[in-house]
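Have a look at the structure below, then the notes.
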Amino acid sequence: MKISLVTVSFNSEKTIAETIESVLEQTYKNVEYIIVDGASTDNTQEVLKKYNGQIAKIICEPDYGIYDAMNKGIRAATGDVIGFLNADDIYANKYVLERVAKAFSEDESVDSVYGDLCYVSEENPNEVVRFWRAGEFNEKSFLNGWMPPHPTFFVRKSILEKYGLFDPTFRFAGDYELILRLLYKHRISAKYLRFLMVKMRIGGAGNRWVENRLIANLEDRLAWKKNKLRPRPYTTFLKPLRKVFQFARVKPKAAL
């Protein structure tokens, strides 16, 4: 089984090499690694050149936003399963993709898998700031503000071909809309792998400023509306509140 892994980058010269290295060190080798760079103006493309021959496909061209770029990666992918890793994130260890592949291979009824994620310091990826324990999915999960960590979410390409790709009109909540559409609206199967998959540096596109968070929360509501789904009155308010409990799981000076 081939896993197609997509990384979207833009002006990521400081972190993308570490992201790439965390993919290349994976013990599972049937991986098609695709990087979609939005015509970076820093030295990102120079960094990418150093990995010629180790990355299956590198697409460098302007895009209309992160979800447009992710869709380019999906369309270029030839794997059975597709996953995404941000250009400033890294896998927690070298066995992540092996365990993902095993989950899909052992049970053909599994449409998607996901796991746990931790937020780490921008300067030190070994310093844990928040721990996101995803937990088991059930039909009421989304109504209570739940979603799995999107960098840990892997899905069969056939599912995306059937139910659609990212909606590029979203700025921050395109991942929420896609997963809501797949898991809640279309009821695809999802298997929770209870282990730490990804270390995400704090300061992502949807978490930088209060203004962006407000836009993201409005887009969360729009995700339900676009899919003709009805959330509970408190659904989109609970979603950001759940993050508070992620801090409670981290002891002072926690490290990995």
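Per this note's numbering, the very first residue in the sequence shown carries number 25; after that it's consecutive. Every residue, glycine too, gets a C-beta built ideally from N, C-alpha and C.
Is the distance from the Cβ of residue i to the Cβ of residue j below 8 Å?
| i | j | result |
| --- | --- | --- |
| Y143 | R154 | yes |
| P172 | V222 | no |
| Y91 | G198 | yes |
| S36 | D104 | no |
| N251 | L204 | yes |
| Q50 | Y138 | no |
| N54 | I98 | no |
| A93 | I58 | no |
| Y208 | L253 | yes |
| T43 | L109 | yes |
| S64 | S133 | no |
| Y88 | P192 | yes |
| F178 | N95 | no |
| F194 | E185 | no |
Apart from the five residues just before and just after residue i, which ones in its own chain have a Cβ nearer than 6 Å to its Cβ?
| i | result |
| --- | --- |
| L1 | Beyond the ends of the chain as shown, which are 25 and 280, falls residue 1; an answer cannot be given. |
| H210 | Y187 |
| Y52 | L121, E122 and A125 |
| K38 | none |
| I183 | D135 and I212 |
Below 8 Å on the Cβ atoms is my contact criterion, and I expect residue i with residue j to pass it. Report the Cβ-Cβ distance as a whole number of Å.
| i | j | result |
| --- | --- | --- |
| N168 | L262 | 6 Å |
| D140 | T176 | 7 Å |
| I40 | S33 | 5 Å |
Please go through the same chain and pick out, in chain order, the residues whose beta-carbon is closer than 8 Å to the beta-carbon of residue i, but skip the five residues on each side of it.
| i | result |
| --- | --- |
| K277 | Its pLDDT being 44, under 50, K277 is placed unreliably in this model, and the value from its coordinates should be taken loosely. Closer than 8 Å at the Cβ level, and outside the excluded window around K277, lie E151. |
| G230 | In this prediction, G230 scores a pLDDT of 45, lower than 50, which makes its location untrustworthy; no coordinate-derived value is stated. |
| P181 | Per the sequence presented here, residue 181 reads as Lys, with Pro not at that position. Here the set comprises S28, I98, A101, G103, D104, V105 and I106. |
| E70 | E37 |
Is the closest heavy atom of the ligand SAH to the C-beta of residue i under 7 Å?
| i | result |
| --- | --- |
| L184 | No copy of the ligand SAH appears in this structure; indeed no ligand is present at all. |
Please list, in chain order, all residues of the same chain as residue i whose beta carbon is under 7 Å from its beta carbon, the five residues on each side excluded.
| i | result |
| --- | --- |
| K74 | none |
| A80 | E56, Y57 and I58 |
| R256 | L167 |
| A247 | A197, Y200, E201 and L204 |
| M2 | Examination of residue 2 is not possible in this model, given that the chain is present from 25 through 280 alone. |
| W233 | Annotation note: pLDDT 48 at W233 (below 50); position unreliable, coordinate value reported separately. The answer is none, since no qualifying residue turns up. |
| Q78 | L48 |
Taking residue i as the reference, give the member of the options with the closest Cα.
| i | options | result |
| --- | --- | --- |
| S165 | P149, T260, S64 and D61 | T260 |
| L220 | M25, N117 and S182 | N117 |
| D61 | P86, L246, L48 and G77 | P86 |
| P264 | I183, G159 and W170 | W170 |
| S145 | T31, R225, I183 and R218 | R225 |
| Y119 | L206, L48, W248 and A247 | L48 |
| D66 | N76, Q78 and C84 | C84 |
| R266 | R218, G77, G159 and P255 | G159 |
*the stretch 236-254 touching the stretch 113-131, judged by at least three CB pairs closer than 8 Å*: Look at the beta carbons and you see the stretch 236-254 not touching the stretch 113-131: under three pairs across the two are nearer than 8 Å.
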